[in-house]
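Novice: Could you have a look at this structure, given as structure tokens, before my questions?
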Amino acid sequence: MTMQTIGRPTRAEAIVETPAQTLTGGRGLLQHEPLIFELGGWEKTGVDLPEPDLDASDLGDLVRTAPVGLPGLSEPETLRHYVRLSQQNHAIDLAIYPLGSCTMKHNPRLNEKLARLPGFADLHPLQPQSTVQGALGVMDALAHWLKTLTGMPAVALSPKAGAHGELCGLLAIRAAHEARGDARKRVLVPTSAHGTNPATAAFVGYAVEEIAQTACGRVDLTDLAAKLGGDVAAVMLTNPNTCGLFERDMIEIAAMTHAAGAYLYCDGANFNAIVGKVRPADLGVDAMHINLHKTFSTPHGGGGPGAGPVVLSEALAAYAPTPWVIHGLDGFTIVDHAPEGSASFGRLSAFHGQMGMYVRALAYMMSHGADGLAQVAEDAVLNANYVKARLGQVMTAPFAGYCMHEALFDDRWLDGTGVATLDFAKALIDEGFHPMTMYFPLVVHGAMLIEPTETEPKAEIDRFCDAVLALATAAKAGDAERFRGAPFHAPLRRLDETQAARKPKLRWRPGDASRVAAE
Amino acid sequence: MTMQTIGRPTRAEAIVETPAQTLTGGRGLLQHEPLIFELGGWEKTGVDLPEPDLDASDLGDLVRTAPVGLPGLSEPETLRHYVRLSQQNHAIDLAIYPLGSCTMKHNPRLNEKLARLPGFADLHPLQPQSTVQGALGVMDALAHWLKTLTGMPAVALSPKAGAHGELCGLLAIRAAHEARGDARKRVLVPTSAHGTNPATAAFVGYAVEEIAQTACGRVDLTDLAAKLGGDVAAVMLTNPNTCGLFERDMIEIAAMTHAAGAYLYCDGANFNAIVGKVRPADLGVDAMHINLHKTFSTPHGGGGPGAGPVVLSEALAAYAPTPWVIHGLDGFTIVDHAPEGSASFGRLSAFHGQMGMYVRALAYMMSHGADGLAQVAEDAVLNANYVKARLGQVMTAPFAGYCMHEALFDDRWLDGTGVATLDFAKALIDEGFHPMTMYFPLVVHGAMLIEPTETEPKAEIDRFCDAVLALATAAKAGDAERFRGAPFHAPLRRLDETQAARKPKLRWRPGDASRVAAE
Amino acid sequence: MRYLPLTKDDRSAMLAVIGAPDIDALFTDVPQSARLSGPVDLPPHMGEIEVERALSALAAKNRSGAHGPFFCGAGAYRHHVPSSVDHLIQRSEFLTSYTPYQPEIAQGTLQALFEFQSQVAALTGMEVANASMYDGSTAAAEGVMMAHRITRRPKAILSGGLHPQYAEAIATLAHVAGVEVVRQPAAIDGEAEVLGALDGETSCVVVQTPNVFGTASDLTAIAEAAHAAGALLIVVVTEAVSFGLLKSPGEMGADIVAAEGQSIGNALNFGGPYVGLFATRERFIRQAPGRLCGETVDAEGRRGFVLTLSTREQHIRRDKATSNICTNSGLCALAFTIHMTMLGEAGLRQLAAINHAQARKLANAVAAIPGVEVLTPRFFNEIAVRLPLPAAEVLEALAALGIIAGVPVSRLAPDAGLDDVLLLAATELTTDADIAALTKELAGVLS
Amino acid sequence: MRYLPLTKDDRSAMLAVIGAPDIDALFTDVPQSARLSGPVDLPPHMGEIEVERALSALAAKNRSGAHGPFFCGAGAYRHHVPSSVDHLIQRSEFLTSYTPYQPEIAQGTLQALFEFQSQVAALTGMEVANASMYDGSTAAAEGVMMAHRITRRPKAILSGGLHPQYAEAIATLAHVAGVEVVRQPAAIDGEAEVLGALDGETSCVVVQTPNVFGTASDLTAIAEAAHAAGALLIVVVTEAVSFGLLKSPGEMGADIVAAEGQSIGNALNFGGPYVGLFATRERFIRQAPGRLCGETVDAEGRRGFVLTLSTREQHIRRDKATSNICTNSGLCALAFTIHMTMLGEAGLRQLAAINHAQARKLANAVAAIPGVEVLTPRFFNEIAVRLPLPAAEVLEALAALGIIAGVPVSRLAPDAGLDDVLLLAATELTTDADIAALTKELAGVLS
Ligand SMILES: Cc1ncc(COP(=O)(O)O)c(C=O)c1O
Ligand SMILES: Cc1ncc(COP(=O)(O)O)c(C=O)c1O
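Order-wise, the sequence lines are chains A, B, C and D.
Final position of the first sequence in the numbering used here is 519; the numbers increase by one with none missing.
Final position of the second sequence in the numbering used here is 1038; the numbers increase by one with none missing.
Final position of the third sequence in the numbering used here is 1485; the numbers increase by one with none missing.
Final position of the fourth sequence in the numbering used here is 1932; the numbers increase by one with none missing.
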């Protein structure tokens, strides 16, 4: 219908101070939302299903009789619950998401659409292979792109995320050593490494030893040489590393590693910075995972799913896990079981990996092409250096010179302001920005790691830098209040993480509802 | 990557007062967004197209040489621009949208999905008919449902919205009179009618005369009788009417109308209240449009598109516009051109109407079925009466008794508070709700018309009523400030509509950008 | 029922608050005689699975454009819509909101409309544009009504190149508004002939470019002549992509532009919903139909947008309104503006050039078939061709071979005497292989 | 390139601010010898139209489940996903956000995870659940590692009914962790046999129900025996819909539940991404892998949610972490929780009952075919049948007839000696007509 406002057009009145509180706690468009368990839907459902056409059942005692304790919502209530919740999130579609090491870049909707084609989405992993030739074709094409971009002869597609890829790579390395009867014990990892690196090495049964770092933020070759030895299974590096710097001595490191009979594992989480510019094979890498959800833009989805294919050198290719796709005269075949005599270390998980991500990543790579992917690396590096140049005027960078795809700062510049890295980050939230990665890498005090990615326009980076610089000025001017209590304008104020960990409450329990209602 | 917060879990600090302003004007997640013309994209594009393979062209002087003046954005910037804008909207997916007469109900996503099937969406209206039999089948099925639900023998599907349906109905009526050589001049419309009713009647060349209303909010039969006469072409009523009341005397009104040689047009915008419970044919209606975007839930989309099929009585069926679908032995045929001797009044628009809406509405009707549609009416009426009962404790209702699908209040209860209907509505925005329809219908002073619809859960209605009652208490307690300047918590404060109309600025013009930038 | 949140308990509790004994009590005002005693004769409710199966089965009975070579145009064009467009218009906040009557919580829709109006004004070369009409044909009909209001003259002249269904839609409204419509006979390239009918009674001439036969024309002379006679020039455009290659109506002197915006951002949808573009001169704006979004400021001086000049509209002006339109084509306009934003000027020009290039290839290819004559002298992306057989028959034969080979003129204008003329359009989705397939099979059918 | 917003002008302006002569200067740290001199040998960039065409062509080479009767299960099930689920998970704010490390602007994800954990705990009958694992198989493997950490014992016993690919995934991890895996021979109904291998060295027994052959079993006795021996019971569930009909693992005494959640809210996706459900007892929570979301309050006392107990995780604990998992299956977990919210207890139970009913019909129908023997004694929605011919051959024959007739055991376990056994699953998408078609054609192929 229509609004009859005849004679009553609104006029902007003189500014009235905002009343501190609304009567109901409402805040304009921002909706508070209870838990599904508090919405009273104990008998509701949001689906219409036919009556089961059940003759009888011999399940007897196996049947679940006690209530499960699940609430249900009608469809309109469901929509509203999740739409309201969603509006409490930051997202790459809302503004720059400058989390260093996370590569939060644009996620094309074309890829979402293609991954949902029934010919990909409505396909069972164990259908007869004659009925899934197109899907195997996608896997084969993805493998081809990844191998070509890295220069490596083999790739294992099935790992389900970066950490799973690390696992795959180290398992291959372990299998290679075992095949020679050479049981090695240690893996060398720089202190700056991502937590998954040491965690994975330990998971695979190795002792983790840290490699020292030079004053310019790279692997200390002397320390590496000292620690390399006959019981070192692998050196695990990240390149570009987590300080956003290229490991200039990579080729030499590879040579030293190989000379010691070890393998060089490269954490490829930062491949975005060099894709199309440098091939890891040309640096001497033996295994590297590629986070398709970083470099190749499959959406992070609030925490996953990802995909972490691992490219392997000639030395390791034979140890790759099942399954793999082979191309024969009459089409593609997926090999689920390693043939007699194979050196494969086995299987990482059921089925063939993250097909949904393969489609998205392949579409992303085809969209960019060889030319566009090199441009990705260039623009990512350009954007990061621009941030470093602009913010470097005020913030202190632990390492001089150009960076790769992310700019690292420490907290020396905050000395004496009473503002900590964390406070500074929370104040950024008020200004409308997601904070940078904080306190990582560990080698830098109060680290702030900023990765804009290549899909940020200059205007957005400027807006971000302006906000950071304005806050920096405020911090230096002694306006510590602005930081200590921040954020003030977000859906919630600062949360008590200490209490959460001290008395973990990890699920809703009956009885909670009334408590909340009574509050 | 991950956030190393070791030893630095956040703790909730003591409450610090919110700093009134951020440094950049940012407000947490709420993003301010410039116009596309201000984003600097004069040479950008967000599409990759191949080079045109153009040999030559003889268009000569016809070619556009001057700049068009269109900015472009890359794909990531496009996403962000519109996602940011979207978050400044209220929506049915966020909370109750109680606009009386608008029927803002849940829009199932199933319907969106089905309307996008290539078999419907990627279909040209003028393809050979042998290639669109399924589409014609949808039109035929929709027609069957609408005819059955209304009891009417014919339906014209092509009108593109409610007002277009009114046009269609009155054109049929005019054609019917003309066919008899009976040139009538007047159309009778109640004062409470929606603006499109008199506007349409005038558009079709009739003089509009208002029918008075009784003290209980219905058509005044005496006045109607007095005004009916040989030059009255039609009586245009809304039933349930815009006061949310059923026209109890509808059958008698129809008889009087027919006795005067006129036709009874019913505005079916409120069909939601009676679908599956009453058939307009049984009330004597000759023509009625059905807003598929109201009763049958095709999304309002921020202002359209809608669809307004018109059901017609035996008396009017022959005058229906082209095109129509007929079902023969070898399938469906769409008749684009009325055959020789047809009484059809002609064509309303190019092609066959709102196919995208037909699919959605049909899916909606099939989902509910005969049983569910009656439940729709019952729940819509129940929800409205519940609102009327709860709010009636404080607000004044101009008409006593049960209402149908919407509850009407006037502003007598605000007397002396210094708060007008408009202020009250704007204060509701702060509390997190979209206001009700205001100042409509015109027959009630300071009208507030509340239509919850059947897809609102009781909890949401209670939340809404609680907010209205809390505000009412505040208004009566003299807290006029809360209302006068409201809203305070929305993306913008109250807008100056007077200025907008006085110096209309209806488009961006070159030069504006710099002005804005300089501000 | 999955869409209905009330439980049995809710219903009793609510009836108790209302003080009604049962739900029937709430329907007491409905005459007993008219109340249905049971469900109507329609199937009972169905779950998602069943509804999806039933409608997918109907969809599968249609041959969609992607299925093979496809050449239909004649007012609706098969273009590529970037996936971002369709994603964005499905966002709850756009899809499930109403007309933006409360601007404080509708800036998303309002700003997008302001941008839409600005783009449409730029594309058409006009001063102002409204927030959309139902489609191109109703925009054209409203344009004729508007010209009538402005000039207070009784005659409208429609060119023989105007889309016949547009002409019919105009005639329907004109009839009841007392406007005489002079429809000129179908002509491939006869726009200038409107001048013959022009006189002191003429409120407007309505001319389409590219016209329904694909012919693009310079209308400057017609504009001048119309203006000299005190009449307005209404320019109709049914292929919005042509704005990227052809001189704009504004540059040629149009007073009103009524265009179909479907080509940008919107699927074919078997004919609707589409989006009518409506642009005019600033001085006529108070006679324009439809909604207008305007810029203003809020109480704190921040820029914002509102619906404005609503004293033209039905909800304020009732029987004195400029039009009865209320709901328009909001979401289709949103799709249009998003796609146009993605294109930008560079993309639009390139897109238009591709369309033109493919049409030229198409024209050259079919012209080489013996017996086939290309009739359109200057075209953008569509041509009319004369065949040695009735076009509708040839079309059915080609459909059987998997080719949707355009629109026969007889489908639009059975009485025009052009049964042997076929309209063929090419777009960026038309591949060289499509053209080759058409050429081969058409030659086969004709030989 | 449409995804790259920088213009040439932007790039020069930025280089100027940086003070670098050109882009190459920024890559100086890369050894010259390793730098590529030109583009790699891959095709150049493509527009949406071309990419969509290429990938749609590949998709068209697959036979999707909707294409005809379909009976595959064996750890991945074809269920209906309400359209609202897929719509909601595509909202920008869910799809394009990162792991919720900044809780003040990530409550959407966090609250949904808290609800997910609560639902998984309720479904499995366990005290607590985590925020998801990659899939059911890696959840199972992590469960075995966790049992090893808790009991510090070296042996894991895997039942013969455990999905062979799960057993392989477990074996891979166990090998490097120094855990000995005792894999029992494939057995249709042999869960109790794990007890034979149970001893004081056993850290856990891993049992699946319904098992890979479809057999549902009461595991109470196994739980008791395991506990008596100081071992943990890990229950694997690959069909999450079964939680709506069968007694929960928690009720039967499970210590760890590792389940595949794909059946709820997630498409088949040719095997991934899926979502691993992981639940355990409260007292083991500090040994659990993966993320945990917990309730807390903000500075104003309002309830909120945060990631918690992260001292178990790799980013805090590094080589001492309980697992190396970082990115998990967030969006699939979201789809799961949304679908489960729509179902509610009533809907889940009904869905499970329908699955069971259809499977019973299926079993009855195929059992009536001469030569076919149903092997599964008690089932939920999947059965193993013995055929008189190798199952893989029969399957190919049926595929040629348009029926995807399940999974041959030989595909999963070529050495199990069960080449004549076929696994057939039914769900709510299996119609009576599908069953009739299978029965008819299977009888035909076998006769
Ligand atoms: C009572 C009534 N009549 C007619 C209309 C006009 O319908 P539409 O907006 O679909 O043209 C409306 C809608 O606003 C209405 O509420
Ligand atoms: C440097 C680095 N290595 C490894 C990982 C782990 O990858 P994933 O989260 O995909 O398991 C990440 C991601 O957070 C990372 O940033």
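Built from N, CA and C at the ideal position, the CB exists for glycine as well.
Could you pull the start and end residues of the beta strand (DSSP E) that D/Arg1496 belongs to?
Specialist: Position 11 of the fourth sequence, counted from the start, is the residue given in the question as residue 1496 of chain D. Segment Lys1493 to Ile1503 is the alpha helix (DSSP H) holding D/Arg1496; no beta strand (DSSP E) there.
Novice: Is any heavy atom in ligand 1 found nearer than 8 Å to the beta carbon of C/Ala1104?
Specialist: Against the third sequence, residue 1104 of chain C aligns to sequence position 66. Answer for C/Ala1104: no, Cβ out of range of ligand 1.
Novice: Considering Cα atoms alone, identify which of C/Met1171, C/Arg1387, C/Glu1333 and C/Asp1457 is closest to C/Pro1428.
Specialist: What you label residue 1428 of chain C is simply residue 390 of the third sequence in a count that begins at 1. That would be C/Asp1457, whose Cα lies nearest to the Cα of C/Pro1428.
Novice: Anything in chain A within Cβ reach of C/Thr1247, meaning under 9 Å, just list it in chain order.
Specialist: Your numbering for residue 1247 of chain C matches position 209 in the third sequence. Here the premise fails: no neighbours, minimum Cβ distance about 34 Å.
Novice: At 7 Å on the CB atoms, spell out the chain B contacts of D/Ser1603, in chain order.
Specialist: Residue mapping note: residue 1603 of chain D aligns to position 118 of the fourth sequence, counting from 1. Neighbours of D/Ser1603 on chain B: none; closest Cβ ~19 Å, over 7 Å.
Novice: Is D/Leu1683 closer than 9 Å to D/Leu1704 when the C-beta atoms are compared?
Specialist: Position 219 of the fourth sequence, counted from the first residue, corresponds to residue 1704 of chain D. Position 198 of the fourth sequence, counted from the first residue, corresponds to residue 1683 of chain D. It is not a contact, given that the beta carbons lie outside the stated cut-off.
Novice: Based on the DSSP output, what are the partners of B/Tyr782 in its beta bridges?
Specialist: Working through the second sequence from its first residue, we reach residue 782 of chain B at position 263. B/Tyr782 pairs with B/Ala753.
Novice: Considering only heavy atoms of ligand 2, does any lie closer than 8 Å to the CB of A/Glu527?
Specialist: With chain A running from 1 to 519 in the structure shown, residue 527 of chain A is simply not present.
Novice: Are the C-beta atoms of C/Glu1262 and some chain B residue less than 9 Å apart?
Specialist: If you number the third sequence from 1, residue 1262 of chain C lands on position 224. It does not: the Cβ of C/Glu1262 has no partner Cβ on chain B nearer than 9 Å.
Novice: Under the criterion of a Cβ to heavy atom distance below 8 Å, does A/Thr196 qualify as lining ligand 2?
Specialist: Taking the first sequence and counting its residues from 1, the one referred to as residue 196 of chain A is at position 196. Because some heavy atom of ligand 2 lies under 8 Å away, the Cβ of A/Thr196 counts as near it: yes.
Novice: Less than 8 Å separating the Cβ of B/Lys907 from some heavy atom of ligand 4?
Specialist: Absence of ligand 4 is noted for the structure shown, with ligand 1 and ligand 2 being the only ligands found.
Novice: Does any C-beta atom of chain A lie closer than 9 Å to the C-beta of D/Val1782?
Specialist: Counted from its first residue, the fourth sequence places residue 1782 of chain D at position 297. Yes - at least one Cβ of chain A is within 9 Å of the one on D/Val1782.
Novice: Who are B/Asn791's beta bridge partners in DSSP?
Specialist: In the second sequence, counting from the first residue as 1, residue 791 of chain B sits at position 272. Partner(s): none; B/Asn791 has no beta bridge.
Novice: Would you decide whether C/Ile1442 is buried or exposed? Buried here means 16 or more other CB atoms lie within 10 Å of its CB.
Specialist: Locating residue 1442 of chain C in the third sequence gives position 404, counting from the first residue. Buried, by the Cβ-count rule.
Novice: Note down the Cα distance separating B/Pro627 from D/Lys1846, rounded to an integer number of angstroms.
Specialist: Here the question's residue 627 of chain B lines up with position 108 in the second sequence. Here the question's residue 1846 of chain D lines up with position 361 in the fourth sequence. When rounded, the distance between both Cα atoms is 33 Å.
Novice: Between the Cα of A/Gln21 and the Cα atoms of B/Arg1012, B/Arg1001 and B/Lys1024, which residue gives the shortest distance?
Specialist: By 1-based counting over the first sequence, the position of residue 21 of chain A is 21. Taking only the C-alpha atoms, the option nearest A/Gln21 is B/Arg1001.
Novice: Would you say the beta carbon of C/Cys1364 is closer than 8 Å to some non-hydrogen atom of ligand 1?
Specialist: Counted from its first residue, the third sequence places residue 1364 of chain C at position 326. Yes, the Cβ of C/Cys1364 comes within 8 Å of a heavy atom of ligand 1.
Novice: Can you tell me the Cα-Cα spacing of D/Leu1580 and A/Gly302, whole angstroms?
Specialist: Counted from its first residue, the fourth sequence places residue 1580 of chain D at position 95. Counted from its first residue, the first sequence places residue 302 of chain A at position 302. Looking at the two C-alpha atoms, the distance is approximately 7 Å.
Novice: Quick check: D/Ala1743 and D/Glu1665, are their CB atoms within less than 9 Å of each other?
Specialist: Translated into the one-based positions of the fourth sequence, residue 1743 of chain D becomes position 258. Translated into the one-based positions of the fourth sequence, residue 1665 of chain D becomes position 180. No, these two residues do not count as a Cβ contact at 9 Å.
Novice: Taking a Cβ distance cut-off of 7 Å, strictly less, list which residues of the region 427-455 of chain A are near chain C, in chain order.
Specialist: none
Novice: Please report how far the alpha carbon of D/Glu1882 lies from the alpha carbon of D/Glu1676, in whole angstroms.
Specialist: Taking the first residue of the fourth sequence as 1, we reach residue 1882 of chain D at position 397. Taking the first residue of the fourth sequence as 1, we reach residue 1676 of chain D at position 191. Checking the sequence, you will find Ala at residue 1882 of chain D rather than Glu. Straight-line Cα distance between these residues: approximately 33 Å.
Novice: From the beta carbon of B/Pro586, is the nearest beta carbon of chain D less than 9 Å away?
Specialist: Start at 1 with the first residue of the second sequence, and residue 586 of chain B comes out as number 67. Chain D contact via Cβ: absent.
Novice: When DSSP builds the beta bridges, which residues end up paired with C/Gln1246?
Specialist: Position 208 of the third sequence, counted from the first residue, corresponds to residue 1246 of chain C. Answer by DSSP bridge pairing, in chain order: C/Val1274.
Novice: Using the beta-carbon count (16 or more within 10 Å), is A/Leu506 buried or exposed?
Specialist: For the purposes of this step, residue 506 of chain A is taken as residue 506 along the first sequence, with counting starting at 1. Counting Cβ neighbours within 10 Å, A/Leu506 comes out buried, since at least 16 surround it.
Novice: Relative to ligand 1, is the shortest distance from any of its heavy atoms to the C-beta of B/Ala675 smaller than 8 Å?
Specialist: Residue numbering aside, residue 675 of chain B sits at position 156 when the second sequence is read from its first letter. Not one heavy atom of ligand 1 lies closer than 8 Å to the C-beta of B/Ala675.
Novice: Can you name, in chain order, every residue of its own chain whose Cβ lies under 7 Å from the Cβ of A/Val387, other than the five neighbours on each side?
Specialist: Reading the first sequence from its first residue, position 387 is the one you call residue 387 of chain A. Excluding positions up to five away in sequence, the list reads Ala407, Ile450, Pro452, Ile461 and Cys465.
Novice: Could you round the C-beta distance between B/Ala800 and B/Tyr838 to whole angstroms and report it? I think they count as a contact, below 8 Å.
Specialist: Counting from one through the second sequence, the residue named residue 800 of chain B turns up at place 281. Counting from one through the second sequence, the residue named residue 838 of chain B turns up at place 319. Incorrect: roughly 17 Å between the Cβ atoms, too far for contact.
Novice: Please name the residues in the region 1562-1581 of chain D whose beta-carbon is closer than 8 Å to at least one beta-carbon of chain C, in chain order.
Specialist: His1565, Pro1567, Ser1568, His1572, Gln1575, Arg1576 and Ser1577
Novice: Taking the alpha-carbon of D/Pro1670 as reference, which of D/Leu1647, D/Glu1686, D/Glu1535 and D/Tyr1651 has the nearest alpha-carbon?
Specialist: Along the fourth sequence, one-based indexing puts residue 1670 of chain D at 185. Closest by alpha carbon: D/Leu1647.
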